[in-house]
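Numbering-wise (our numbering), the sequence shown opens with residue -10 and increments by one.
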Amino acid sequence: MLNGLWLGFFVVAMVSALAQWLIGGNAGIFAVMVESIFAMAKLSVEVMVLLFGTLTLWLGFLRIAEKAGIVDWLAKALGPLFRRLMPEVPAGHPAIGLITLNFAANGLGLDNAATPIGLKAMKALQELNPIPNTASNAQILFLVLNASSLTLLPVTIFMYRAQQGAADPTLVFLPILLATSASTLVGLLSVAIMQRLRLWDPVVLAYLIPGALVLGGFMALLATLSATALAGLSSILGNLTLFGLIMLFLVIGALRKVKVYEAFVEGAKEGFDVAKNLLPYLVAMLCAVGVLRASGALDFGLEGIRHVVAWTGMDTRFVDALPTAMVKPFSGSAARAMLIETMQTQGVDSFPALVAATIQGSTETTFYVLAVYFGSVGIQRARHAVGCALLAEFAGVVAAIAVCYWFFG
């Protein structure tokens, strides 16, 4: 799938360039495309430098949380909920702890770091699967919740915005939080309907109702604020949450007699290993997207969508953010490249760039997650996993656009 997507970018760019040359008489288009390839290769390295630091930093702090027992505590705290949502998983099974750790990494926005943990969790669930080539209910719920993008603190999005010169990288904190809540809720409800899960179970309601009330009350509070106040609150909460989480890990680690410095370095080494493997993918996708933009094909496609949206009477400013939404189900690296390219061409704090950042932070690479997670344990029949995951993805995109109009429109 990724091979076809990547090759397709170059083929479409070539067709567009030939049309501009033979029909439009623009013989310089090929020089522009070649220049774009080298420019994007250089940009890939610049982005990678900051990505090295970000992943290294957060995996270091995550290792402190692990050694301090925070992850185990979360597993115990969420155990009763998962026993109702995944009744085939026995109490105390290692899969619960791995699922919790995976969700914690996703919540921190460490999607690349979360993948190895998620694969371990899927393997643990596969040990309980009575039909090895068919996805179990527990595996489907785990995958759909992953595909719904459980991002509570999107540090990688902050990193990309910082690298592109944003005045306040955390400006999109609240929009992403609200949009990802919508996608996760839709994902959970769709799986619950398909699997006939008893969401009205008293234990499940004890978890879901307080969270829903807090979120609803928070949204009611936000509704009373102006756009300027919303942006300011998002910035304050983003930075406060980010630093507060760091201090929480350090303080609890110190109280639990964890050698926090040594634990940080141990986790940071793992972050370095994870980050260094991403450069080839980043170069490949950024160069492909750069060529697509330079050829005029991307602008031509967006212009067509813009005309359709304008014909319906809707505002068209979100259209420039749609490339990120279109490729996100297929490839995280392609969506990342589209986001960075949108920031470069539209401006990092422009409305399309803010929408693209929110979409990137509140959606997931659905087909990639399906292929990697299910493929790693030999599952061939996904059952209702694809439909539920794509529904959550769609909800995340719609919510991201709506929330950005609310905050920044």
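Backbone N, C-alpha and C fix where the C-beta goes; we use that ideal spot for every residue, glycine too.
This one's a predicted model, so the numbers in the text were calculated from it and none came from an experiment.
Burial is judged here by how many other beta carbons sit within 10 angstroms of a residue's own beta carbon; Arg185 has fewer than 16 and is exposed. Here the C-alpha atom of Ala16 lies approximately 44 Å from the C-alpha atom of Leu380. DSSP, reduced to helix, strand and coil, places Thr213 outside both helices and strands of the structure shown, so it counts as coil. If you draw a straight line from the Cα of Ile18 to the Cα of Ala84, it is about 54 Å long.
Annotated as distal: Val249 and Gly256, with beta-carbon spacing of 8 Å or more.
Taking a contact to require three or more Cβ pairs closer than 8 Å, the segment 159 to 173 and the segment 340 to 351 qualify as touching.
A residue is called buried when at least 16 other Cβ atoms come within 10 angstroms of its Cβ; Asn(-8) does not meet this threshold and is exposed. Positions of the alpha helix (DSSP H) runs, each at least 4 residues long and wholly inside the segment 132 to 166, are given as 144 to 152 in order along the chain. According to the DSSP assignment, Phe383 belongs to the alpha helix (DSSP H) that extends over 374 to 397. Burial is judged here by how many other beta carbons sit within 10 angstroms of a residue's own beta carbon; Gln369 has fewer than 16 and is exposed. In terms of Cβ geometry, Ile88 and Phe41 do not form a close pair [threshold 8 Å]. With contact defined as three or more Cβ pairs closer than 8 Å, the segment 31 to 39 and the segment 294 to 313 are not in contact. In this structure, the CA atom of Val21 is about 15 Å from the CA atom of Leu275.
Per DSSP, reduced to three states, the secondary structure at Thr305 is coil, with no helix or strand assignment.
Residues Ile368, Gln369, Arg370, Arg372 of the same chain have their beta carbon placed closer than 8 Å to that of Thr123, with the five preceding and five following residues left out of the count.
By the criterion of a C-beta distance shorter than 7 Å, Glu77 is surrounded in its chain by Leu117, Ser125, Asn126, Ala127, once the five residues flanking it on both sides are discounted. Membership of Ala345 in the alpha helix (DSSP H) is indicated by the continuous run 340 to 351.
Just measuring C-alpha positions, the residue of Met327, Asp304, Leu(-4), Gly49 sitting nearest Val278 is Met327. According to the DSSP assignment, Trp300 belongs to the alpha helix (DSSP H) that extends over 286 to 300. Within the model, the alpha-carbon separation for Pro121 versus Val203 is close to 40 Å.
Rounded to whole angstroms, the separation of the alpha carbons of Ala80 and Leu194 is 19 Å. The beta-carbon separation of Ala342 and Gln335, rounded to 5 Å, stays under the 8 Å limit for a contact.
The alpha-carbon separation between Met111 and Thr45 amounts to approximately 25 Å. Under the three-state reduction of DSSP output, Thr123 falls in the strand class.
Going by DSSP, Thr313 is part of the alpha helix (DSSP H) stretching over 311 to 316. Taking 8 Å as the cut-off, the Cβ atoms of Ile390 and Phe307 count as close.
Nearest in C-alpha terms to Phe27, of all of Val272, Pro119, Ser172, Glu251, is Val272. For Arg370, the secondary structure class from DSSP, reduced to helix, strand or coil, is strand.
Sixteen is the threshold: when 16 or more other Cβ atoms of the shown chains lie within 10 Å of the Cβ of Arg282, as they do, the residue is buried. Distance check between Phe147 and each of Ala384, Val392, Phe363, Gly350 places Gly350 closest, using alpha-carbon atoms only. In the three-state scheme derived from DSSP, where H, G and I count as helix and E and B as strand, Asn118 is classed as coil.
Beyond the five residues adjoining it in sequence on each side, Val337 comes within less than 8 Å, by CB distance, of Arg150, Gln153, Gly154, Ala155 in the same chain, given in chain order.
Annotated three-state conformation of Asn15 is coil, per DSSP. Between the alpha carbons of Ala136 and Val161 lies a gap of roughly 20 Å. Here DSSP, grouped into helix, strand and coil, assigns Arg52 to helix. Nearest to Asp157 by C-alpha distance, out of Leu211, Leu226, Leu177, Tyr362, is Leu226.
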